[in-house]
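Colleague:
2 protein chains.
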Amino acid sequence: MADGLAIWKQIEQALMADIVSGTYRPGDQLPTEAQLSKRFGVNRHTVRRAVSSLVDQGRLRVEQGRGMFVQENKLDYPMGARVRFTQSVSAAHRLPGRAILRAEIIQADKIVSDNLKIAEGAEVVLVESVGEVDRRPVSFACSYFPAERFRGIAGHVQETQSITEALNRYGVTDYTRSGTRISAILSTAQVARHLQISPGRPIIQTEGADIDQNGRPVSYNVSQFAGDWVQLVVSPD
Amino acid sequence: MADGLAIWKQIEQALMADIVSGTYRPGDQLPTEAQLSKRFGVNRHTVRRAVSSLVDQGRLRVEQGRGMFVQENKLDYPMGARVRFTQSVSAAHRLPGRAILRAEIIQADKIVSDNLKIAEGAEVVLVESVGEVDRRPVSFACSYFPAERFRGIAGHVQETQSITEALNRYGVTDYTRSGTRISAILSTAQVARHLQISPGRPIIQTEGADIDQNGRPVSYNVSQFAGDWVQLVVSPD
DNA sequence: TAGAATTTGTTCGTATGTATG
DNA sequence: CCATACATACGAACAAATTCT
Chain A
184 MADGLAIWKQ IEQALMADIV SGTYRPGDQL PTEAQLSKRF GVNRHTVRRA VSSLVDQGRL
244 RVEQGRGMFV QENKLDYPMG ARVRFTQSVS AAHRLPGRAI LRAEIIQADK IVSDNLKIAE
304 GAEVVLVESV GEVDRRPVSF ACSYFPAERF RGIAGHVQET QSITEALNRY GVTDYTRSGT
364 RISAILSTAQ VARHLQISPG RPIIQTEGAD IDQNGRPVSY NVSQFAGDWV QLVVSPD
Chain B
184 MADGLAIWKQ IEQALMADIV SGTYRPGDQL PTEAQLSKRF GVNRHTVRRA VSSLVDQGRL
244 RVEQGRGMFV QENKLDYPMG ARVRFTQSVS AAHRLPGRAI LRAEIIQADK IVSDNLKIAE
304 GAEVVLVESV GEVDRRPVSF ACSYFPAERF RGIAGHVQET QSITEALNRY GVTDYTRSGT
364 RISAILSTAQ VARHLQISPG RPIIQTEGAD IDQNGRPVSY NVSQFAGDWV QLVVSPD
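Sequences listed follow chains A and B, in order. In terms of the working numbering, the first sequence is residues 184 to 420. In terms of the working numbering, the second sequence is residues 184 to 420.
#1: Cβ of ILE380 of chain B within 8 Å of Cβ of ASP411 of chain B?
#2: Starting from the C-beta of TYR358 of chain B, find all residues in its chain whose C-beta is less than 6 Å away, skip the five residues before and the five after it, and write them out in chain order.
#3: Between ALA324 of chain A and VAL308 of chain A, is the Cβ-Cβ spacing less than 8 Å?
#4: Of the residues that make up the stretch 403-417 of chain A, which ones have a beta carbon closer than 7 Å to any beta carbon in chain B?
#5: Using CA coordinates, which residue listed in B:SER361, B:ILE283 and B:GLY383 is at the minimum distance from ALA337 of chain B?
#6: What in chain A is Cβ-close to MET251 of chain B, meaning under 7 Å?
#7: In terms of DSSP beta bridges, what is MET262 of chain B paired with?
#8: Just how far apart, CA to CA, sit VAL374 of chain A and ARG360 of chain A?
#9: Between MET184 of chain B and chain A, is any beta-carbon pair separated by less than 8 Å?
#10: Output the distance between the C-alpha atoms of GLN247 of chain B and ARG208 of chain A, rounded to the nearest integer angstrom.
#11: Let me know if ALA200 of chain A comes out buried or exposed under the rule of 16 or more other beta-carbons within 10 Å of its beta-carbon.
#12: Tell me whether the stretch 237-256 of chain B and the stretch 287-304 of chain B touch, counting them as touching only if at least three CB pairs, one residue from each stretch, are closer than 8 Å.
#13: Counting only beta-carbon atoms, is SER296 of chain B nearer than 8 Å to chain A?
#14: Is the Cβ-Cβ distance between THR229 of chain B and TRP191 of chain B less than 8 Å?
#15: Please check the pair SER326 of chain A and ILE346 of chain A, which I expect to be a contact at CB under 8 Å, by giving their CB distance rounded to whole angstroms.
#16: Answer with buried or exposed for SER366 of chain B, where buried requires no fewer than 16 other C-beta atoms within 10 angstroms of its C-beta.
#17: Using the Cβ count rule (16 or more neighbours within 10 Å means buried), how would you classify SER204 of chain B?
#18: Can you look up SER370 of chain A in the DSSP assignment and give me helix, strand or coil?
#19: Assuming VAL413 of chain B and LEU258 of chain B make a contact with CB atoms under 8 Å, what is their CB distance in whole Å?
#20: Return the residues of the stretch 220-242 of chain B that lie within a Cβ-Cβ distance of less than 8 Å from chain A, sorted by chain order.
#21: Specify the secondary structure class of VAL355 of chain B as computed by DSSP and reduced to three states.
#22: The beta strand (DSSP E) that contains ALA282 of chain A, what's its start and end?
#23: With DSSP run on the structure shown, which of helix, strand or coil describes THR145 of chain B?
#24: Buried or exposed for HIS276 of chain B, please, with buried defined as at least 16 other CB atoms from any protein chain shown within 10 angstroms of its CB.
#25: Just to make sure I have the definition right: I need the residues of chain B whose C-beta is within less than 9 Å of the C-beta of LYS293 of chain A. Which are they?
#26: Assign GLN218 of chain B to buried or exposed, taking buried as 16 or more other Cβ atoms, counted over all protein chains shown, within 10 Å of its Cβ.
#27: On the DSSP bridge assignment, give the partners of LEU243 of chain B in chain order.
#28: Can you pull the chain A residues whose beta carbon is under 7 Å from the beta carbon of LEU369 of chain B, in chain order?
#29: Identify which residue in A:GLY224, A:THR206, A:GLY210 and A:GLN212 has its Cα closest to the Cα of GLN193 of chain A.
#30: Please report how far the alpha carbon of ASP211 of chain A lies from the alpha carbon of THR389 of chain B, in whole angstroms.
#31: Tell me GLY383 of chain B's beta-bridge partners as DSSP assigns them.
#32: What residues of chain A sit near PRO419 of chain B, judged by a beta carbon separation below 7 Å?
#33: May I ask you to report which of helix, strand or coil DSSP gives ASP186 of chain A?
#34: Among B:THR206, B:THR363 and B:ALA302, which has the Cα closest to the Cα of PRO329 of chain B?
#35: For a contact meaning CB atoms closer than 8 Å, what does LYS257 of chain B contact in chain A?
#36: My output table needs one value for ASP393 of chain B: the three-state DSSP class, helix, strand or coil.
The following block contains the structure:
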C-alpha cells in the first residue's frame, strides 16, 4: 500500500472526483475495465473492486455486456402531507403511469385493520400496482381500501391509471397522509422482477395511511421504490 | 408443488403470520433450523430459503452461531424542519451518544460548497461521527461546517457528544433543515464496520443542509442509518 | 483456559417438476 | 416428442461463530 490507502480505494476516489467534477456526467458511459486498468496501471480486478463500491453507493450502474455508466440523477419524489404520484411525476415533466398487477378482496390482517381503523378480518380491496416514470417501473405498491366503501375501485384505477382519480369517483376529493414511515430493505426476487432491477438491490419502502377530509382512513399503502432510480425529498413546508 | 405455491413460500407465509399475530414477538428467538425443519416436515434448506426472504424484508435477523430472531421494532427517527439526533433519541427514552471518528480541515468540493453557499475550495471542518442508541451504533454521519465560522467545532462535539450543543457554543441557538433528500443504498465495508452490520445490508441515506435563524448555512450533512435498526418518520403538518 | 456442543453458513451432489422452443 | 434451461427440494459433509461445561 502506498499512502496507507488501498489502491482500489484511491481509484474509487479518482473516479468519484471525475463524477463530482462533471468529467463524467449522469448517463455517460465510462471507459471499459480494460481501458481503466491501463489508465491506472493496475489489474482489471482492482478496477472492478473500486467500481463495485461505487455501484453500492448508487453512483455507477453496470450492465453486463454493455458497459459501466454514471447513474442518472434520481427522480425526486416529494414526501409530505399530500403525496400524489401522478401529479408529482407530471410536475417533473416526466410521463407517469400505473399498471395494475392484481386486485382482489381479502380479509384484513392486524396491521391493515389497525391502519384503516376497521375490524380485523373485515373485507378490504387489495390493489397491487407498479408505478412507472417514462415507461420505466420505479415503484411497487400495495394499497388496501375498505371494501365496504370502495368495492370495485380496482377497475377505476385501471382505467384512470391514477389512484387519486379513482378515489375521486367515490367522492374523495382530497386526502392527506397521516404520517409516513420510511425504511430501507433489500428487494426480493418478486419485487425485483416488477421493478426490473437485480434482486438484492436497495429499496426505499414507505408505509402509511391516507385519510379523507373527515379524518376517515381511505387507504393503507405500502410502496417500494427502486433505490437506484428514486430519492425521496422532504421539504421544510 | 401442492397449491401452485412453492413450499418455501408457504413456510415464509406461515412464519410471517406468526410474527404478525404476535406468536413470535420482536426480539424473540425463533426455533432452530433443525426444529423448524421438523415442524414443517421439510429439509433444512427449504426453511433457510423462507428465512432468507424474511431477512431481506427486514422481519428477521440471523446471527451465526446464535440463532434467528424477530427483528426488533426499528427506532423511529423523525424527519422534519428540526432534526435533532440527541433530543429525539432521548424523547424515545433511549440513551443517545456520539463518537467522533475523524475531524479535519479540508477544501470543499463542488457539492459541499454549493450546499454551504461558499466558494469551491474554501476550508471546511469535516467531522465524521457515529451516532449510538443504547450503545448500539445506528448512524454514520459526515458533517461539513464552514471553517471560517466554526473552526475547532470538532472538540466541542467530542466533549458534548452532541452537534446541537456544539453549535450552541458558537452562538447558533436554533437551526432548521432546508430540505432533506432520502435515498437507499447498500452499505460499504467501511460503513458496515462502523455500524456493526454486514456489508451489503441496506442503508437509509439522508442528505441536506442546516441553516441558522438568518438563513445562513451552518452545516451540510450526509447521514447513513442502518436500515435494519432505523426507520424515518415523516409527520404531517 | 480448553474443548465439546450447538447453531448457522457454504458447497457439493442428486433428483424432480416446469417452462420454452 | 425431445433437448435445454431453470426453479425447487432433499441429503451429506464441512466451515465458522457462539455458548456452555
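Positions of the beta carbon are idealized from the N, C-alpha and C atoms, including for glycine. Given the structure is predicted, the values throughout are model-derived calculations rather than measurements.
Modeller: Working from what's here:
#1: Translated into the one-based positions of the second sequence, residue 380 of chain B becomes position 197. Translated into the one-based positions of the second sequence, residue 411 of chain B becomes position 228. In this structure, ASP411 of chain B lies closer than 8 Å to ILE380 of chain B by Cβ.
#2: Position 175 of the second sequence, counting from 1, holds the residue named residue 358 of chain B. Take TYR358 of chain B, set aside five residues on each side of it, and the residues of its chain with a beta-carbon closer than 6 Å to its own are ASP393, ASP395 and VAL401, in chain order.
#3: The residue given as residue 324 of chain A occupies position 141 in the first sequence. The residue given as residue 308 of chain A occupies position 125 in the first sequence. Pairing ALA324 of chain A with VAL308 of chain A gives a Cβ-Cβ distance that is not under 8 Å.
#4: The stretch 403-417 of chain A vs chain B, Cβ under 7 Å: GLY410, GLN414, LEU415, VAL416 and VAL417.
#5: One-based indexing of the second sequence puts residue 337 of chain B at position 154. Cα-wise, what sits closest to ALA337 of chain B is B:ILE283.
#6: As a first step, residue 251 of chain B is located in the second sequence; it is residue number 68 there, counting from the start. Within chain A, no C-beta atom comes less than 7 Å from the C-beta of MET251 of chain B; the nearest is roughly 17 Å away.
#7: Position 79 of the second sequence holds residue 262 of chain B. In the DSSP assignment, the residues bridged to MET262 of chain B are B:VAL417.
#8: Numbered from 1 along the first sequence, position 191 holds the residue referred to as residue 374 of chain A. Numbered from 1 along the first sequence, position 177 holds the residue referred to as residue 360 of chain A. Roughly 24 Å between the two C-alpha positions.
#9: For the purposes of this step, residue 184 of chain B is identified with residue 1 of the second sequence, where counting begins at 1. Below a pLDDT of 50, predicted positions are generally treated as unreliable, and MET184 of chain B, at 47, falls in that range; the measurement from the model is reported next regardless. Chain A, which has no Cβ nearer than 8 Å to the Cβ of MET184 of chain B, makes this no.
#10: One-based indexing of the second sequence puts residue 247 of chain B at position 64. One-based indexing of the first sequence puts residue 208 of chain A at position 25. Distance between the alpha carbons of GLN247 of chain B and ARG208 of chain A is about 42 Å.
#11: As a working note, residue 200 of chain A is residue 17 in the first sequence. Exposed, because fewer than 16 other Cβ atoms sit within 10 Å of the Cβ of ALA200 of chain A.
#12: With the cut-off at 8 Å, the stretch 237-256 of chain B and the stretch 287-304 of chain B do not touch.
#13: If you number the second sequence from 1, residue 296 of chain B lands on position 113. Not closer than 8 Å to any Cβ of chain A, the Cβ of SER296 of chain B fails to qualify, so no.
#14: For this step, residue 229 of chain B is matched to residue 46 along the second sequence. For this step, residue 191 of chain B is matched to residue 8 along the second sequence. The answer is yes: Cβ separation under 8 Å.
#15: Working through the first sequence from its first residue, we reach residue 326 of chain A at position 143. Working through the first sequence from its first residue, we reach residue 346 of chain A at position 163. Right, the Cβ-Cβ distance comes to about 7 Å (below 8 Å), so this counts as a contact.
#16: Reading the second sequence from its first residue, position 183 is the one you call residue 366 of chain B. The Cβ neighbour count for SER366 of chain B, taken over all protein chains shown within 10 Å, is at least 16; the residue is labelled buried.
#17: As a first step, residue 204 of chain B must be located in the second sequence, where it is residue number 21. Under this definition SER204 of chain B is an exposed residue.
#18: Position 187 of the first sequence, counted from the start, is the residue given in the question as residue 370 of chain A. Note: SER370 of chain A maps to coil in three-state DSSP.
#19: Working through the second sequence from its first residue, we reach residue 413 of chain B at position 230. Working through the second sequence from its first residue, we reach residue 258 of chain B at position 75. The beta-carbon separation of VAL413 of chain B and LEU258 of chain B, rounded to 5 Å, stays under the 8 Å limit for a contact.
#20: Under the 8 Å Cβ criterion, the stretch 220-242 of chain B contributes SER236, ASP239, GLN240 and GLY241.
#21: For this step, residue 355 of chain B is matched to residue 172 along the second sequence. In this structure, VAL355 of chain B counts as coil in the three-state DSSP scheme.
#22: In the first sequence, the residue the question calls residue 282 of chain A occupies position 99. In this chain, the beta strand (DSSP E) harbouring ALA282 of chain A covers 279-290.
#23: With chain B running from 184 to 420 in the structure shown, residue 145 of chain B is simply not present.
#24: To locate residue 276 of chain B, count along the second sequence from 1; it is residue 93. Counting the other Cβ atoms within 10 Å of the Cβ of HIS276 of chain B gives fewer than 16, which makes it exposed.
#25: As a working note, residue 293 of chain A is residue 110 in the first sequence. Under the 9 Å cutoff, chain B gives VAL203, SER204 and GLY205.
#26: The residue given as residue 218 of chain B occupies position 35 in the second sequence. GLN218 of chain B should be labelled exposed.
#27: Looking up residue 243 of chain B in the second sequence gives position 60. Bridge partners of LEU243 of chain B: B:VAL253.
#28: By one-based count along the second sequence, residue 369 of chain B stands at place 186. Close to LEU369 of chain B, with beta-carbon spacing below 7 Å, are these residues of chain A in chain order: ASP239 and PRO385.
#29: Translated into positions along the first sequence, residue 193 of chain A becomes position 10. Of the listed residues, the one whose Cα sits closest to GLN193 of chain A is A:GLY224.
#30: Translated into the one-based positions of the first sequence, residue 211 of chain A becomes position 28. Translated into the one-based positions of the second sequence, residue 389 of chain B becomes position 206. Answer to the nearest angstrom: the Cα atoms are 25 Å apart.
#31: Stepping through the second sequence from its first residue, residue 383 of chain B is reached at position 200. For GLY383 of chain B, which the question treats as bridged, DSSP gives no partner whatsoever.
#32: Here residue 419 of chain B is taken as the residue at index 236 of the second sequence, counted from 1. Simply ALA264, THR359, ARG360, SER361 and GLY362.
#33: One-based indexing of the first sequence puts residue 186 of chain A at position 3. For ASP186 of chain A, the predicted model reports a pLDDT of 47, less than 50, meaning its position is unreliable; a value from the coordinates is still stated below. Correct three-state label for ASP186 of chain A: coil.
#34: As a first step, residue 329 of chain B must be located in the second sequence, where it is residue number 146. Checking every option, the nearest Cα to that of PRO329 of chain B belongs to B:ALA302.
#35: Within the second sequence, the letter at position 74 stands for residue 257 of chain B. Within chain A, the residues near LYS257 of chain B are SER366.
#36: Residue numbering aside, residue 393 of chain B sits at position 210 when the second sequence is read from its first letter. Secondary structure of ASP393 of chain B (DSSP, three-state): strand.
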